[in-house]
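Asks:
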Amino acid sequence: MNVIISIVVVIIVVSSGAAFADAGALWAQHCASCHGKDGSGNTTMGKKLGVKDYTKSQSFSDAEAANVIKNGKGKMKAYKQLSDADVKALVAYVRTLKK
Ligand code: HEC
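Sequential numbering of the sequence shown, starting at 205, is according to my numbering.
#1: Rounded to whole angstroms, what is the Cα-Cα separation between L294 and M249?
#2: Which whole-angstrom value is the C-beta distance of I273 and V255, which I expect to be below 8 angstroms?
#3: Using CA coordinates, which residue listed in S265, A227, L253 is at the minimum distance from H239?
#4: Going straight from the alpha carbon of S237 to that of I209, what length do you get?
#5: Cβ of L301 within 8 angstroms of Cβ of D242?
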């Protein structure tokens with residue numbers, strides 16, 4: 205009986221884990237080409253577009269960052285395909301890049 209319960213718990217944990225956005229993977233896929241894997245903006249594209257170094261300072265609020273990701277700003281395009289949960293996870297991820 206306990207074995208069955210453990211198996212069910214494992215299945216629930218694994219499947220719900222997959223539903224959460226993996227912000228690190230999203231960042232690598234969509235954002236790192238300009239902002240750099242580490243958020244420094246030290247990439248060919250980042251330098252060309254004047255991306256700021258987010259490892260040093262982040263002068264935007266969570267709401268501003270979410271808005272820019274959803275609607276774009278200047279040279280950065282809008283990421284309409286990202287869900288609100290993905291955007292929220294990305295904002296939180298950006299915050300972890302500041303040293
Ligand atoms: C084509 C290059 C490019 C890509 C790809 C890109 N950005 Fe940007 N991003 C920019 C530029 C240019 C700015 C404006 C300059 C700055 O503030 O660094 C910017 C600004 C921002 C800002 C600051 C907004 C503000 O109000 O100052 C955040 C946060 C941000 N980007 C997050 C992301 C995230 C998350 C992704 C991936 C979903 C992403 N960016 C993808 C180029 C890009």
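From the three backbone atoms N, C-alpha and C, an ideal C-beta is built for every residue, glycine too.
Replies: According to the structure shown:
#1: 20 angstroms
#2: At roughly 14 angstroms, the Cβ-Cβ gap does not stay under 8 angstroms, so I273 and V255 are not in contact.
#3: L253
#4: 44 angstroms
#5: yes
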